[in-house]
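Everything on this sheet refers to the single structure shown next.
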Amino acid sequence: MRKEVRIAGFGGQGVILAGIIIGRAASIYDGINAVQTQSYGPEARGGASRTEIVISDEEISYPKVSNPDILVAMSHEALIKYLDDLKDEGILIIDPDLINEEDIEDFVKEHEIKVYRARATKTATEEIGLRIVANIVMIGAITNITKIISLDAAKDAIVASVPKGTEEKNIKAFEAGYALNS
Amino acid sequence: MSNDKVTTQRSENPFMKYLRKDRLPHIFCAGCGNGTALNTFFRGMEAAKIDFDNIAMVSGIGCSSRIPGYVKCDSLHTAHGRAISFATGLKMGNPNLDVVVFTGDGDAAAIGGNHLIHAARRNINLTVICINNNIYGMTGGQISPTSPKGSFGSTAPYGSIDKPFDLAELVVAAGGSYVSRWTAIHGLQLANSIKKALNNNGFSFVEVVSQCPTYFGRRNKLRTPVEMIKAFKENSIVKKKADKMDQEELIGKIIVGEFVNNPRPEFSENICKLSEEKCGKVQLVKSAYLNEF
Amino acid sequence: MFIQGNEACARGAIKAGCRFFAGYPITPSTEVAEELARILPNYGGSFVQMEDEIAALGAIIGASWSGLKVMTSTSGPGFSLMQENIGYGQITETPLVIINVQRGSPSTGQPTMAAQGDMMQARWGSHGDYEPIALSPSSVQECFDFTIKAFNLSEKYRVPVIILTDEIIGHMREKITIPDEVKVTKREMPQEKPEDFLPFKADENGTSPMVPFGEGYNIHVTGLTHDERGYPDTSSPKAHSKLVKRLCNKVLNNRESIVSVEEEFCDDADIILISYGAPYRSVSAVVKKGRSEGINLGSLKINTPWPFPESQVLKAAEKAKDLVVVEMNLGQMVHEVESVARDKANIHLISKIGGELHKVEDILSKIREL
Numbered sequence: 000m001r002k003e004v005r006i007a008g009f010g011g012q013g014v015i016l017a018g019i020i021i022g023r024a025a026s027i028y029d030g031i032n033a034v035q036t037q038s039y040g041p042e043a044r045g046g047a048s049r050t051e052i053v054i055s056d057e058e059i060s061y062p063k064v065s066n067p068d069i070l071v072a073m074s075h076e077a078l079i080k081y082l083d084d085l086k087d088e089g090i091l092i093i094d095p096d097l098i099n100e101e102d103i104e105d106f107v108k109e110h111e112i113k114v115y116r117a118r119a120t121k122t123a124t125e126e127i128g129l130r131i132v133a134n135i136v137m138i139g140a141i142t143n144i145t146k147i148i149s150l151d152a153a154k155d156a157i158v159a160s161v162p163k164g165t166e167e168k169n170i171k172a173f174e175a176g177y178a179l180n181s
Numbered sequence: 000m001s002n003d004k005v006t007t008q009r010s011e012n013p014f015m016k017y018l019r020k021d022r023l024p025h026i027f028c029a030g031c032g033n034g035t036a037l038n039t040f041f042r043g044m045e046a047a048k049i050d051f052d053n054i055a056m057v058s059g060i061g062c063s064s065r066i067p068g069y070v071k072c073d074s075l076h077t078a079h080g081r082a083i084s085f086a087t088g089l090k091m092g093n094p095n096l097d098v099v100v101f102t103g104d105g106d107a108a109a110i111g112g113n114h115l116i117h118a119a120r121r122n123i124n125l126t127v128i129c130i131n132n133n134i135y136g137m138t139g140g141q142i143s144p145t146s147p148k149g150s151f152g153s154t155a156p157y158g159s160i161d162k163p164f165d166l167a168e169l170v171v172a173a174g175g176s177y178v179s180r181w182t183a184i185h186g187l188q189l190a191n192s193i194k195k196a197l198n199n200n201g202f203s204f205v206e207v208v209s210q211c212p213t214y215f216g217r218r219n220k221l222r223t224p225v226e227m228i229k230a231f232k233e234n235s236i237v238k239k240k241a242d243k244m245d246q247e248e249l250i251g252k253i254i255v256g257e258f259v260n261n262p263r264p265e266f267s268e269n270i271c272k273l274s275e276e277k278c279g280k281v282q283l284v285k286s287a288y289l290n291e292f
Numbered sequence: 000m001f002i003q004g005n006e007a008c009a010r011g012a013i014k015a016g017c018r019f020f021a022g023y024p025i026t027p028s029t030e031v032a033e034e035l036a037r038i039l040p041n042y043g044g045s046f047v048q049m050e051d052e053i054a055a056l057g058a059i060i061g062a063s064w065s066g067l068k069v070m071t072s073t074s075g076p077g078f079s080l081m082q083e084n085i086g087y088g089q090i091t092e093t094p095l096v097i098i099n100v101q102r103g104s105p106s107t108g109q110p111t112m113a114a115q116g117d118m119m120q121a122r123w124g125s126h127g128d129y130e131p132i133a134l135s136p137s138s139v140q141e142c143f144d145f146t147i148k149a150f151n152l153s154e155k156y157r158v159p160v161i162i163l164t165d166e167i168i169g170h171m172r173e174k175i176t177i178p179d180e181v182k183v184t185k186r187e188m189p190q191e192k193p194e195d196f197l198p199f200k201a202d203e204n205g206t207s208p209m210v211p212f213g214e215g216y217n218i219h220v221t222g223l224t225h226d227e228r229g230y231p232d233t234s235s236p237k238a239h240s241k242l243v244k245r246l247c248n249k250v251l252n253n254r255e256s257i258v259s260v261e262e263e264f265c266d267d268a269d270i271i272l273i274s275y276g277a278p279y280r281s282v283s284a285v286v287k288k289g290r291s292e293g294i295n296l297g298s299l300k301i302n303t304p305w306p307f308p309e310s311q312v313l314k315a316a317e318k319a320k321d322l323v324v325v326e327m328n329l330g331q332m333v334h335e336v337e338s339v340a341r342d343k344a345n346i347h348l349i350s351k352i353g354g355e356l357h358k359v360e361d362i363l364s365k366i367r368e369l
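Protein chains in written order, with numbering that gives the first Met the number 0: chain A, 0 to 181; chain B, 0 to 292; chain C, 0 to 369.
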């Protein structure tokens with residue numbers, strides 16, 4: 000079964016690393032196929048940033064995502080830009096503190112979107128004390144909500160991807176995200 | 000036939016052993032300064048006690064760049080202006096080699112100017128002999144970045160209107176650790192400079208102001224080699240003396256001498272050190288021929 | 000490992016024995032340089048960031064003659080700057096590998112978007128007659144495998160070899176398997192003594208063993224037309240013709256052992272899609288989907304655009320009524336397909352520029368119209 004995930008936000012949020020970790024979890028630790036791609040503009044910080052992951056138990060030919068099954072929006076700008084592409088009855092995960100939900104109410108109703116709220120930035124700042132781990136908190140939320148990767152694979156991929164010495168903090172961030180009751 | 004007899008009666012030049020005899024005669028015009036440059040190079044090399052077998056030469060395009068082709072050592076005759084970049088790779092790939100670049104004013108300072116300043120900046124251990132004749136000889140006498148203001152060339156029929164580069168000063172500013180300039184009449188000083196340049200563990204630049212009677216002289220009222228040599232003699236001023244003179248007095252003069260002799264850490268050694276730090280081994284040499292790394 | 004195509008090229012280079020890299024930063028190829036800057040010192044190799052791409056190619060040619068396996072990486076604008084020295088590498092028979100991660104062009108174009116606009120530049124970019132070898136990977140694993148293959152071909156035939164990848168494959172991450180042992184072609188020293196050795200003579204491959212500098216062979220390497228000793232011989236029409244024909248023939252005469260294609264469902268196909276690099280990923284999906292809809296599609300994936308796999312394309316033309324070339328430019332390799340197969344099959348082009356991969360449905364709808 001082919002699943003397409005898009006994570007979007009602004010540059011500097013670690014959106015692309017989140018995509019890499021999910022792809023690595025699926026392909027290396029869950030033993031299924033994954034392709035991660037990204038798009039970026041000339042800005043090093045700020046600006047829009049997005050990553051896409053295709054996960055499948057079959058070989059993946061077409062590596063790109065055009066109509067994701069799952070959209071994770073970490074900024075309002077990204078949400079508005081990419082919402083139209085989301086499949087009907089698709090999963091939308093938002094960081095509610097960065098988003099004005101009123102703007103999407105009609106779309107969500109019309110296309111029967113399943114909306115989940117994961118306060119990744121707030122959790123990262125308040126529970127972990129590190130705003131920059133919001134992406135890892137979000138991976139926790141994605142893992143629990145979508146089950147596209149297993150809990151163990153996610154943790155292993157995080158440990159393999161983050162800088163040495165920061166593993167513990169990042170796993171804590173992941174667990175906090177996983178526990179978010181959306 | 001009669002010429003042959005004359006040659007055999009003369010004692011052979013002591014540096015003939017360094018040349019590819021099967022490539023002679025060379026293509027240089029009578030009166031060209033390239034012969035002096037090569038002769039003084041061998042003198043400097045012997046004085047520096049550099050093993051000729053360890054020398055590799057690199058050159059670009061132009062008359063002076065044909066020199067390595069006559070020398071019996073490994074040599075790379077590369078694309079126009081690019082000699083120093085090829086030499087950089089050769090030196091880094093095998094830091095044991097003594098890499099010498101022969102180049103000219105057009106090759107080093109026009110099309111290859113960027114490579115020149117960056118090699119000087121890196122202080123990579125190359126010895127660059129730049130034979131500066133103020134003209135493009137091989138293509139028939141066009142002005143170069145060192146042609147004096149007002150001098151004539153086939154592409155400056157009304158006289159050159161732009162300011163020439165001072166190559167020695169350029170390389171000093173870029174970070175070369177040994178820089179000198181002499182003319183083709185300063186055989187002894189030149190050989191001594193080449194000796195120092197070869198022994199300097201860093202980027203060395205020896206500018207040889209040289210005569211091109213065929214193209215520069217002919218268009219600039221210095222028709223014979225002798226006239227050009229005389230002009231060098233009259234116009235050369237030793238750096239120490241020139242340092243005390245003002246700009247006006249120095250117009251039309253050739254400042255000769257040592258511009259810098261200031262050794263500092265060398266590039267390829269630093270790269271080797273990094274390799275030792277990271278894998279405990281010195282940098283691999285000739286590894287393309289190995290089965291195992 | 001779950002890594003980018005560009006990183007896989009760097010890893011493949013290390014495995015193939017590359018111990019010298021010179022380059023200049025350019026999007027979207029920079030990760031190749033960054034990865035090698037990081038890992039080359041761990042293998043006793045060296046990395047240098049040069050002042051421009053011309054210098055990068057010059058430096059790797061110099062290092063190749065010092066006796067190292069060498070590589071550089073770039074994208075369109077840098078590839079353009081390298082062209083003169085590519086010709087130098089051709090005429091002096093210098094083994095080297097260039098990774099060209101293609102981006103939207105001409106000029107600065109679209110630095111962060113993919114294209115396949117340099118196919119003909121790779122073929123004809125330097126001046127004069129020469130036969131390049133180029134490989135186009137379609138996956139991260141192939142970035143690794145093809146880079147090793149590029150080094151082996153480069154050593155075997157003493158030619159520059161180009162990896163023509165693109166922004167999609169270069170930046171995509173996939174799982175790759177790095178085998179413990181890979182087949183690596185090493186350089187051989189000549190059997191002859193220095194005084195008897197001719198460094199530019201045709202042996203069985205059409206080339207001779209390459210001696211490094213510093214071994215007492217005292218060879219002269221020049222970009223001028225030269226004889227078997229390496230000595231310039233620029234006025235003899237015969238000398239020039241002999242040299243240039245030998246250089247071309249060492250690739251052309253070995254074409255069948257150099258080229259590589261992969262056929263899928265071609266035997267009963269009415270329509271065969273021809274692709275290379277990233278668009279193969281769309282084509283592969285199109286073939287499966289088309290077949291499920293009852294359209295007999297096949298795929299011919301070209302791994303080596305240069306030398307062009309003429310007999311393989313001709314074979315496809317003999318099987319299928321229609322050949323469809325899918326490429327991310329306004330039509331480059333389609334001309335090669337036409338010149339080989341226009342009498343045997345109808346030839347169509349599905350081109351796309353702008354930086355994005357062909358969508359599966361877009362290709363299918365065009366095929367349905369045939």
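Beta carbons are placed, not taken as given, at the ideal position from N, Cα and C, and that holds for glycine.
- From the beta-carbon of Thr87 (chain B), the residues of chain C found nearer than 9 Å are Ala21, Val47, Met49, Ala54, Gly57, Ala58, Gly61, Ala62.
- For the set B:Ile130, B:Ile184, B:Asn95, B:Gly140, the Cα lying nearest the Cα of Ser267 (chain B) is the one of B:Asn95.
- With respect to the C-alpha of Arg228 (chain C), the residue from C:Ala113, C:Asn217, C:Glu292, C:Arg10 having the closest C-alpha is C:Asn217.
- Leaving aside the five residues that flank Pro231 (chain C) on each side, the residues in its chain whose CB is nearer than 6 Å to its CB run, in chain order, Thr221, Leu223, His225.
- With contacts defined by Cβ atoms closer than 8 Å, Ile148 (chain A) and Asp56 (chain A) do not form a contacting pair.
- Ser274 (chain C) carries a strand assignment under DSSP once its states are collapsed to helix, strand and coil.
- At a cut-off of 8 Å, the C-beta of Leu273 (chain B) has a neighbouring C-beta in chain C.
- If you ignore the 5 residues before and after Glu130 (chain C), its C-beta comes within less than 7 Å of the C-beta of Cys247, Val250, Leu251, Pro306, all in its own chain and listed in chain order.
- Taking 8 Å as the cut-off, the Cβ atoms of Ile162 (chain C) and Ser281 (chain C) do not count as close.
- Within chain B, the residues Tyr288 have their CB atoms less than 9 Å from the CB of Met188 (chain C), given in chain order.
- The Cβ atoms of Asn99 (chain C) and Ile53 (chain C) lie no closer than 8 Å to each other.
- In summary, the residues of the stretch 9-31 of chain A whose CB is separated from some CB of chain C by less than 7 Å are Ile19, Gly22, Arg23, Ser26, Ile27, in the order they occur in the chain.
- Following the DSSP letters along the chain, one finds Pro236 (chain C) inside the alpha helix (DSSP H) bounded by residues 236-251.
- Here the stretch 242-255 of chain B does not lie against the stretch 175-182 of chain C, with fewer than 3 beta-carbon pairs under 8 Å apart.
- Think of a sphere of 8 Å around the beta carbon of Lys20 (chain B): no beta carbon from chain C falls inside it, the nearest being about 12 Å out.
- From the beta-carbon of Gly68 (chain B), the residues of chain C found nearer than 7 Å are His219, Thr221, Pro231.
- No Cβ-Cβ contact shorter than 8 Å links Ala118 (chain B) with Thr102 (chain B).
- Three or more beta-carbon pairs separated by less than 8 Å link the stretch 18-34 of chain B to the stretch 61-80 of chain B, which places the two stretches in contact.
- The Cβ neighbour count for Arg130 (chain A), taken over all protein chains shown within 10 Å, is under 16; the residue is labelled exposed.
- Within the stretch 109-170 of chain B, the complete beta strand (DSSP E) runs of at least 3 residues fall at 125-131.
- As a beta-bridge residue in DSSP terms, Met56 (chain B) pairs with B:Ser74, B:Val99.
- Interface residue (Cβ-Cβ distance to chain A less than 8 Å): Arg10 (chain C) is not classified as such.
- In summary, no residue of the stretch 109-121 of chain A has a CB separated from any CB of chain C by less than 7 Å.
- No Cβ-Cβ contact shorter than 8 Å links Asn122 (chain B) with Pro212 (chain B).
- Interface annotation, Arg122 (chain C): not in contact with chain B, CB-CB separation never under 8 Å.
- Any Cβ of chain A closer than 8 Å to the Cβ of Glu262 (chain C) would place that residue at the interface, and such an atom is absent.
- Three or more Cβ pairs closer than 8 Å define a contact, and the stretch 103-116 of chain B falls short of that threshold against the stretch 64-78 of chain C.
- Taking Asp68 (chain A) as the centre and dropping the five residues before and after it, the same chain places the C-beta of Lys2, Glu3, Lys86, Gly89 closer than 6 Å to its C-beta, in chain order.
- Per DSSP, Phe264 (chain C) lies in no alpha helix (DSSP H) and is assigned neither H nor E.
- Ranking C:Thr91, C:Ile60, C:Ser137, C:Gln89 by CA distance to the CA of Pro304 (chain C) puts C:Ser137 first.
- DSSP places Arg5 (chain A) in the uninterrupted beta strand (DSSP E) bounded by 2-9.
- DSSP places Ser364 (chain C) in the uninterrupted alpha helix (DSSP H) bounded by 359-367.
- The continuous alpha helix (DSSP H) containing Asn33 (chain B) extends over residues 33-46.
- Across the stretch 79-102 of chain C, CB contacts with chain B closer than 7 Å involve Glu83, Asn84, Tyr87, in sequence order along the chain.
- For Val325 (chain C), the beta-bridge partners assigned by DSSP are C:Ile349.
- Interface residue (Cβ-Cβ distance to chain C less than 8 Å): Cys278 (chain B) is classified as such.
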